[in-house]
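Residue numbers (my numbering): 907 to 963.
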């Protein structure tokens, strides 16, 4: 059984995603662009969810 540290897991995940995205960029640049924009939105955006402010009695 192989036990990887969180650092190594993150490194391998980042590497795999980079490889897949490079293939996607080559094969379908439109979809790759949409995925990159969504990633940017999730990392740098702030999403506010409206809710009611009701106090129970």
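C-beta: ideal position from N, C-alpha, C; glycine also.
Residue i vs residue j beta-carbon contact at 8 Å
i, j, result
"residue 931", "residue 938", "yes"
Backbone secondary structure at residue i - three-state DSSP
i, result
"residue 938", "helix"
"residue 923", "helix"
"residue 954", "coil"
"residue 959", "coil"
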